[in-house]
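Participant: One structure coming up, written as structure tokens, with questions to follow.
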Amino acid sequence: MHNFVKKCATLVGMALVSIPLWANAASYKAEYSLSVVPGPTSGWALTAEYFTQLVKERSNGRINIKVYPAAQLMSGKQTSEFMLLRNGAIDFAMASTINWSPQIKELNLPALPFMIAHQPDRFKAMDAILAGKSGKVLIDAVEKKGVKFIGWAENGFRELTTSKGPIATPADLKGMKIRVVGSPIFIETFDALGANPVNMNWSEATTGFQQGLVDGQENPTNGINIGLKIWDYHKFTTDWHYIIDPLLLCANPKIWSGFSKEDQQLLIECGKDSEQYGKALSRMGMDDGKSLALLQKLNRVPAYTDPYAEMEAHGMTVTKLTPEQINAFYEVTAPVREKWTKIIGEDLVKAALEDMEKVAQ
Ligand code: X2X
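Counted from 1, the sequence shown has number 318 at position 153 by my numbering; the numbering is strictly sequential.
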């Protein structure tokens, strides 16, 4: 009898808990879209897939999000992603600060050439920005422009790959055609380096590499270059860490406010876990082993574990710049940092330098 009463009480309790969930689920979309610019083999798309899997599992299938890689939702035009998310044509995006920087000037901060590369530990410096005062300014700037910020992830530090090389000094880059994203700071940075920047959407870039329209490009090693088999086009890579693009996981505000408070919290928690996974994918083989250990724990280790050995095994020459060599690039790009510090906001750049200072030994 006692057991029977207990069972009834549990059933009643379950019903009480479940009713609001059913009520909410009824107003949810059967499927939400999530935009990603590069293709499905990128660390970025894998991070987005991981996020949607976590959300599906933890919501017991109530929230279904489908990843649309390869800039499908904006016909390849990556710098229009922000507007499409804001106006509701896209529900969620895991987006690069680079692609949104034409609309949100503060997002040029991590693209200030060699600013983070110049720090003693670039990963710690990036994390300090995201967790610090300057990160808060970035989030506020994004939200003020009309989308809901959920969390960070990482495409990675962008390294140079070229068909001619090796590149170890600014002089080596002279006159080389380098594909860049259509965001003005890139054109100015590569101009300052003496190169010949060519603005091209990522959707057309691989064909451009194949046809030799450009001599090089810049993208993260783990995040993009290895998945793309960049060695089919470029046999040289230079580790110069010149900028990084953190990824912003965001939602259209109407879509966001359609979720219950509990589900909003669930999405934020899934975002935090996918940030850890995405950063580990981006940093694997480049840190003290922490990233690989996390990927092993998650049982999600890529087919290779040493990115440099992987590239060399495919015939690439890897040039890892010393801090002194990076400094030469840092000096040449000083005018770009000066000009863009004014555009981004002097207070924001100062806050970022202070955030990074706190973790520099
Ligand atoms: O276009 C690029 O280089 C990429 C894929 O990294 C971005 O979307 C910023």
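Backbone N, C-alpha and C define an ideal beta-carbon position, used for all residues, glycine too.
1. Measuring from the CB of residue 243, is there a heavy atom of the ligand X2X at a distance below 6 Å?
2. Does residue 344 come out as helix, strand or coil in the three-state DSSP assignment?
3. In the DSSP assignment, find the unbroken beta strand (DSSP E) run with residue 494 in it and report its ends.
4. Let me have the residue list for the ligand X2X: C-beta closer than 6 Å to any non-hydrogen atom, ordered along the chain.
5. Kindly give me the distance between the Cβ atoms of residue 150 and residue 374, rounded to whole angstroms, as I take these residues to be in contact under 8 Å.
6. Looking at C-alpha atoms only, which residue of 323, 288, 271 is the closest neighbour of residue 300?
7. So, with DSSP's three-state summary, where would you put residue 193?
8. Run through DSSP, which three-state label would residue 520 get?
9. Count the other C-beta atoms from every protein chain shown that fall within 10 angstroms of the C-beta of residue 364, then say buried if there are 16 or more, exposed otherwise.
10. Label residue 448 either buried or exposed according to how many other C-beta atoms from any shown protein chain fall within 10 Å of its C-beta, with 16 as the threshold for buried.
11. Ignore the nearest five residues each way along the sequence and tell me which others in residue 480's own chain have a CB closer than 8 Å to its CB.
12. Distance check for residue 242 and residue 220, CA to CA, integer angstroms please.
13. Return helix, strand or coil for residue 422, following the three-state DSSP convention.
14. Mind checking residue 253: buried by the 16 CB within 10 Å criterion, or exposed?
15. Does DSSP classify residue 391 as helix, strand or coil?
16. Inspect the beta-carbon positions of residue 443 and residue 319 and report whether they are closer than 7 Å.
17. I'd like to confirm the pairing. Which residues does DSSP put opposite residue 259 in its beta bridges?
18. DSSP on residue 502, reduced to helix/strand/coil?
19. Just how far apart, CA to CA, sit residue 337 and residue 384?
20. Can you check whether the C-beta of residue 257 is within less than 7 Å of a C-beta belonging to chain B?
21. Check each candidate in 491, 489, 472 and name the one with the smallest Cα separation from residue 482.
22. Count the other CB atoms, across all protein chains shown, that sit within 10 Å of the CB of residue 512; report buried if there are 16 or more and exposed otherwise.
23. Anyone know if the C-beta pair for residue 342 and residue 361 falls short of 7 Å?
24. Just to confirm the assignment, what range does the alpha helix (DSSP H) spanning residue 216 have?
25. Throw me the rounded Cβ distance for the residue 414 and residue 436 pair, which I believe falls under 8 Å.
26. So, does the segment 209-229 touch the segment 422-436, judging by three or more C-beta pairs under 8 Å?
27. In the DSSP assignment, find the alpha helix (DSSP H) that holds residue 473 and state where it starts and stops.
28. When you compare only the Cα positions, how much space is there between residue 390 and residue 458?
29. Here's the rule: buried if 16 or more other CB atoms are within 10 angstroms of the residue's CB, otherwise exposed. What is residue 285?
30. Rounded to the nearest angstrom, what separates residue 454 and residue 192 at their Cα positions?
31. Suppose the cutoff is 6 Å on Cβ atoms and the five residues either side in sequence are ignored; what does the same chain contact list for residue 297 look like?
32. Could you check where the alpha helix (DSSP H) with residue 309 kicks off and where it finishes?
33. For residue 251, name the three-state secondary structure that DSSP assigns.
34. Tell me the residue span of the alpha helix (DSSP H) that contains residue 350.
Facilitator: This is what the structure holds:
1. yes
2. strand
3. Unbroken run through residue 494 is the alpha helix (DSSP H), 488-497; no beta strand (DSSP E).
4. 202, 203, 243, 261, 263, 264, 320, 346, 367, 384, 389, 410
5. In the structure as shown, the chain starts at 166 and stops at 526, and residue 150 therefore has no counterpart that could be examined.
6. 271
7. coil
8. helix
9. exposed
10. buried
11. 396, 400
12. 28 Å
13. helix
14. exposed
15. coil
16. yes
17. 414
18. helix
19. 19 Å
20. Given the protein chain composition of this structure (a single chain), no chain B is represented.
21. 472
22. exposed
23. yes
24. 208-223
25. 5 Å
26. yes
27. 472-478
28. 22 Å
29. exposed
30. 44 Å
31. 520
32. 298-309
33. helix
34. 349-357
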